Every structure is written in C-alpha cells, then in structure tokens.
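Trainee: Under the numbering used here, think of the first position of the sequence shown as 14, with each following residue one higher. From the three backbone atoms N, C-alpha and C, an ideal C-beta is built for every residue, glycine too. If you're wondering where the values come from, they're calculated on a predicted model, not measured in any experiment.
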Amino acid sequence: MVDFVGQVMAAVPHIERMGGTVRTTQSLLGAYPMTVLISTSFADLDAYGAYADMTAADAQWQEFWGGAMADPTADIVRSGLYLNISG
Numbered sequence: 014m015v016d017f018v019g020q021v022m023a024a025v026p027h028i029e030r031m032g033g034t035v036r037t038t039q040s041l042l043g044a045y046p047m048t049v050l051i052s053t054s055f056a057d058l059d060a061y062g063a064y065a066d067m068t069a070a071d072a073q074w075q076e077f078w079g080g081a082m083a084d085p086t087a088d089i090v091r092s093g094l095y096l097n098i099s100g
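What follows is the structure, given as structure tokens:
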C-alpha cells in the first residue's frame, strides 16, 4: 500500500499541471472495502477532452505512467467516466 500511495502522490502534480483536480479517498465499507478511489474532476467535458489530449502527448506524463505500469503497485478494480447531475 505504501508504494501505491507513493505512486498516487507522484501522479498528482502531473494531473494538476494538465488541468485535473485530484481527490483521493479510501473505502471503509461496501462492495470493495479498503480500496482507494482516485477521482479526477474537470470544469466541464471540454476541459476533460483537453486533459485527455494532453495526457496522450505529454512526455513527462508518459514517462511517469510508463514506469508505473511497468511494475504496477495495485490492481484496477473499476474505472469510469462520470457526469455530475446534481447541478
């Protein structure tokens, strides 16, 4: 877990530099207790699109992500793209 949290903390400056806002939480109860959720939010879908384009082209991010995926410190349980409908 320590290695994983270290990777998450190393990713945050990259994500923020490219326009995302990161929130990291841990599940205490539910279907996947003790799992970690990394939520990245954007002002709107256009901002998300710009972020997605940037991650594909950003050399610093690609270097970080390539290293993280070469020796993963956790398993992805689930992922998704969610839209705020609360207003």
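1) Could you check whether residue 67 and residue 31 sit closer than 9 angstroms to each other, using their CB atoms as the reference points?
2) When you compare the region 72-81 with the region 52-59, are there three or more beta-carbon pairs, one atom per stretch, that lie closer than 8 angstroms?
3) Keeping to the same chain, check which residues put their C-beta closer than 6 angstroms to that of residue 87; ignore five residues upstream and five downstream.
4) For residue 61, which residues in the same chain have their Cβ closer than 7 angstroms to its Cβ, ignoring the five residues on either side in sequence?
5) In its own chain, which residues sit with a C-beta less than 7 angstroms from the C-beta of residue 63, not counting the 5 before and 5 after it?
Mentor: On the basis of the coordinates in this document:
1) The sequence position of residue 31 within the sequence shown is 18, counting from 1. The sequence position of residue 67 within the sequence shown is 54, counting from 1. Result yes, Cβ atoms of residue 31 and residue 67 sit closer than 9 angstroms.
2) no
3) As a working mapping, residue 87 is identified with position 74 in the sequence shown. A distance below 6 angstroms between beta-carbons, with the five flanking residues on each side excluded, links residue 87 to the following residues of its chain, in chain order: 17.
4) Locating residue 61 in the sequence shown gives position 48, counting from the first residue. Excluding positions up to five away in sequence, the list reads 55.
5) As a first step, residue 63 is located in the sequence shown; it is residue number 50 there, counting from the start. 32.
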